[in-house]
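Novice: Supplied in structure tokens, the structure appears directly below.
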Amino acid sequence: MIGQILGGRYQILEQLGKGGFGVTFTAVDIGRPGNPHCVVKQFKPMSTDPYNLEVGKRLFVREAEKLEKLGNHDQIPRLLAYFQENQEFYLVQEYIEGYDLSRELVSGVQLSEAYVIQLLQDILEVLDFVHQQNLIHRDLKTSNIRRRQADGKIVLIDFGAVKEVTTQVVNPQGQVSFPTRIGSPGYMPSEQERGDPKLSSDIYAVGIIAIQALTGINPDPRLGAGLPTNPQTGEIVWRDAYGGKLRTQVSDKLANIIDKMVRYDYRQRYQSANEVLQALKTLSPQPQPWKLWLAVGLAAVMIPLILWILSLFINLKPTFVPYNEPKSGITIKYPSNDWKPIEPSGNFGSEVVKFIPKNQNKVNSCPLVITIDVKDLSQQLLSLEESKNLAVRNIKNINPNSQIRDDSQPSTTLSKLNAYKLTYTRQEGQCKLKVMEIGTVRDGKAYFITYTAEEKEYNKYLELAETMINSFEIKVQEH
């Protein structure tokens with residue numbers, strides 16, 4: 001197929017993926033100025049006899065017309081063309097530059113509640129538009145949700161209904177059946193497996209994605225054990241993951257919303273995306289008027305007192321001075337009155353410098369350190385997501401029992417560059433340590449800062465560590 005021209009204008013570049021329902025390719029549109037990239041999806045009917053093909057064509061056109069309407073939404077790829085060629089059906093859609101959500105939801109990594117709430121809102125706002133058209137996606141999963149590179153927004157791809165053209169069978173009496181179910185194991189609820197999908201079937205899939213993000217468990221049973229269920233009720237018992245000791249703190253309110261999203265009985269779920277969005281709004285209730293005025297009154301009394309107290313301690317504020325390392329091209333400010341830099345001897349490893357308290361042994365027998373590393377990437381340039389995944393693997397290789405929390409947000413930066421943020425604990429002798437790692441990628445190098453402290457002392461020095469991290473700069477190096 002590579003190099004072949006379909007529909008008289010779409011030249012195939014490479015195969016993106018292949019599944020049970022068809023093959024996906026990237027292509028260029030040689031019929032438009034600039035030859036823009038696009039996505040071509042090829043569907044092969046199960047049966048190619050004339051009657052089946054005719055029924056399949058009608059079904060294909062009907063579903064393609066629905067996709068065309070959905071493309072009016074900014075976060076759903078536009079349908080550029082659809083046609084039949086050599087007894088096969090083709091869809092041509094807008095190419096979305098970015099990456100699949102599966103890069104953010106890494107197996108074994110538990111994401112924060114704040115991240116999951118935002119993710120739910122982002123997905124459901126697009127899904128609400130789909131449901132308003134009385135359409136069902138049918139195949140929502142991490143690989144069918146993209147993060148658009150241009151603006152970081154969620155984009156829903158690979159709607160399932162059009163795939164039925166590959167599964168429909170017509171019997172001698174002219175009755176059409178679909179023996180193969182559309183959907184993905186682990187994300188597909190029971191009614192969809194029976195061939196009776198509802199709007200709430202999509203809600204179920206989004207709830208599963210939320211559980212996957214919070215627990216770090218891939219729900220697809222083909223890739224592991226999947227999510228545990230109650231054998232009597234069929235309900236998912238995700239709150240008991242890791243023996244009931246989820247690393248990520250999940251509020252009862254959010255957990256209850258997710259539980260309702262993934263009820264075994266579709267009638268007990270939220271019935272539309274908008275219902276879930278309204279429920280999520282209750283997680284941040286507005287203050288009652290009397291409470292608001294009470295808060296204002298207290299603030300009026302307390303602020304002058306706080307300012308006076310602060311004025312007494314203003315001279316105790318640490319003095320931050322710059323540290324420069326010309327070879328790696330980095331600068332950072334550190335509190336010189338209490339902390340000192342230590343540079344490694346020799347050129348071994350990726351460590352550039354570490355900062356420790358001047359009275360390290362007196363403060364704590366456990367490590368308290370902020371380390372800066374700069375590492376050359378492999379010849380195949382890693383993206384930020386790939387760099388983060390590499391960091392996760394390195395942490396797990398050294399500390400197999402670590403439960404890593406991904407606190408990365410779209411606003412997370414290092415030296416004004418998009419960055420990842422990981423938090424985890426590890427044991428070192430008698431010391432239980434908590435570690436925060438923030439990293440970014442620039443010009444073929446990975447830059448990451450690690451803050452390590454005894455778990456019970458972690459919050460005490462966190463503000464200082466964040467001040468240093470926020471002052472970090474990567475200077476442009478002359479070549």
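If you read the sequence shown in the UniProt record's numbering, its first letter stands for residue 1, the second for the next number, and so on.
We treat Cβ as the ideally placed atom computed from N, Cα and C, and that holds for glycine.
From this set, Asn256, Lys375, Trp238 and Val206, which residue's C-alpha is nearest Ser350's C-alpha?
Specialist: Measuring from the Cα of Ser350, the nearest candidate turns out to be Lys375.
Novice: Please state whether the Cβ-Cβ distance between Tyr95 and Gly7 is less than 8 Å.
Specialist: Result no, Cβ atoms of Tyr95 and Gly7 do not sit closer than 8 Å.
Novice: Quick check on Arg32: buried or exposed, where buried means 16 or more other Cβ atoms within 10 Å of its Cβ?
Specialist: Flag for Arg32 reads exposed.
Novice: Looking at the secondary structure, which residues open and close the alpha helix (DSSP H) in which Met468 lies?
Specialist: Element bounds for Met468: Tyr458 to Ser471.
Novice: Between which two residues does the alpha helix (DSSP H) containing Gln11 stretch?
Specialist: Taken as a continuous stretch (DSSP letters only), Gln11 belongs to no alpha helix (DSSP H), being part of the beta strand (DSSP E) at Tyr10 to Lys18.
Novice: Taking 8 Å as the threshold, find out whether the stretch 206-217 comes into contact with the stretch 137-156 through three or more Cβ pairs.
Specialist: As far as the Cβ criterion goes, the stretch 206-217 touches the stretch 137-156, which means the pair count is three or higher.
Novice: Near Ala465, what residues of its chain come up, given a Cβ to Cβ distance below 6 Å and the 5 sequence neighbours on each side ignored?
Specialist: Excluding positions up to five away in sequence, the list reads Ile370 and Tyr451.
Novice: Starting from Tyr323 and walking both ways along the beta strand (DSSP E), at which residues does that stretch end?
Specialist: Taken as a continuous stretch (DSSP letters only), the beta strand (DSSP E) holding Tyr323 covers Phe320 to Glu325.
Novice: Closer than 7 Å by C-beta to Phe129: which residues in its own chain qualify, once you throw out the five before and the five after it? Chain order, please.
Specialist: The residues are His73.
Novice: Less than 7 Å between C-beta atoms, sequence neighbours within five positions excluded: which residues of the same chain meet that for Asp338?
Specialist: Once the five neighbours on either side are set aside, the close Cβ partners of Asp338 are Pro318, Pro357 and Lys358.
Novice: Can you find the residues in the same chain that come closer than 7 Å, C-beta to C-beta, to Pro341, ignoring five residues on each side of it along the sequence?
Specialist: Hits under 7 Å: Tyr323, Tyr334, Val353 and Phe355.
Novice: Nearest to Arg78 by CA position, among Pro367, Pro219, Val40 and Ile5, is which residue?
Specialist: Nearest option by C-alpha distance: Val40.
Novice: Anyone know if the C-beta pair for residue 546 and Gly444 falls short of 8 Å?
Specialist: A question about residue 546 goes unanswered here, because the residues of the chain that appear run from 1 up to 479.
Novice: Under a three-way DSSP split, which group does Gly207 fall into?
Specialist: Note: Gly207 maps to helix in three-state DSSP.
Novice: So Glu191 is in the alpha helix (DSSP H); what residue range does that whole segment cover?
Specialist: Taken as a continuous stretch (DSSP letters only), the alpha helix (DSSP H) holding Glu191 covers Ser190 to Glu193.
Novice: Give the straight-line distance between the Cα atoms of Leu199 and Leu105, rounded to the nearest whole angstrom.
Specialist: Looking at the two C-alpha atoms, the distance is approximately 24 Å.
Novice: Check Gln118 in the structure and name its three-state DSSP category.
Specialist: Reduced to three states, the DSSP call for Gln118 is helix.
Novice: Thinking C-alpha only, which one of Thr413, Thr215, Lys475 and Met468 is nearest Pro326?
Specialist: The candidate whose alpha carbon is nearest that of Pro326 is Lys475.
Novice: In this structure, does DSSP put Ala150 in helix, strand or coil?
Specialist: Ala150 falls in the coil class under three-state DSSP.
Novice: Would you report the Cα separation of Asn401 and Ala391, rounded to the nearest angstrom?
Specialist: Their Cα atoms are separated by approximately 15 Å.
Novice: How about Ala273 and Leu124: are their beta carbons less than 8 Å apart?
Specialist: In this structure, Leu124 lies closer than 8 Å to Ala273 by Cβ.
Novice: With DSSP as the reference, label Tyr447 as helix, strand or coil.
Specialist: Strand at Tyr447.
Novice: Distance check for Asn256 and Gly224, CA to CA, integer angstroms please.
Specialist: Each residue's Cα considered, the two are about 26 Å apart.
Novice: Among the residues of its own chain, which have a CB less than 7 Å from the CB of Arg426, if the five just before and after it don't count?
Specialist: For Arg426, where only same-chain residues beyond five positions count, the Cβ hits under 7 Å are Asn399, Ser402, Leu433 and Val435.
Novice: Smallest Cα separation from Asn459: which of Asn389, Gln118, Leu368 and Asp100?
Specialist: Of the candidates Asn389, Gln118, Leu368 and Asp100, the one whose C-alpha sits nearest the C-alpha of Asn459 is Leu368.
Novice: Between which two residues does the alpha helix (DSSP H) harbouring Ala225 extend?
Specialist: Here Ala225 belongs to no alpha helix (DSSP H), and DSSP marks it neither H nor E.
Novice: Between the alpha carbons of Arg194 and Asp158, how many angstroms are there, rounded?
Specialist: Cα to Cα, the separation comes out at about 21 Å.
Novice: Does the separation of the CB atoms of Cys38 and Asp49 fall below 8 Å?
Specialist: No, the pair does not count as a contact, with Cβ atoms beyond the cut-off.
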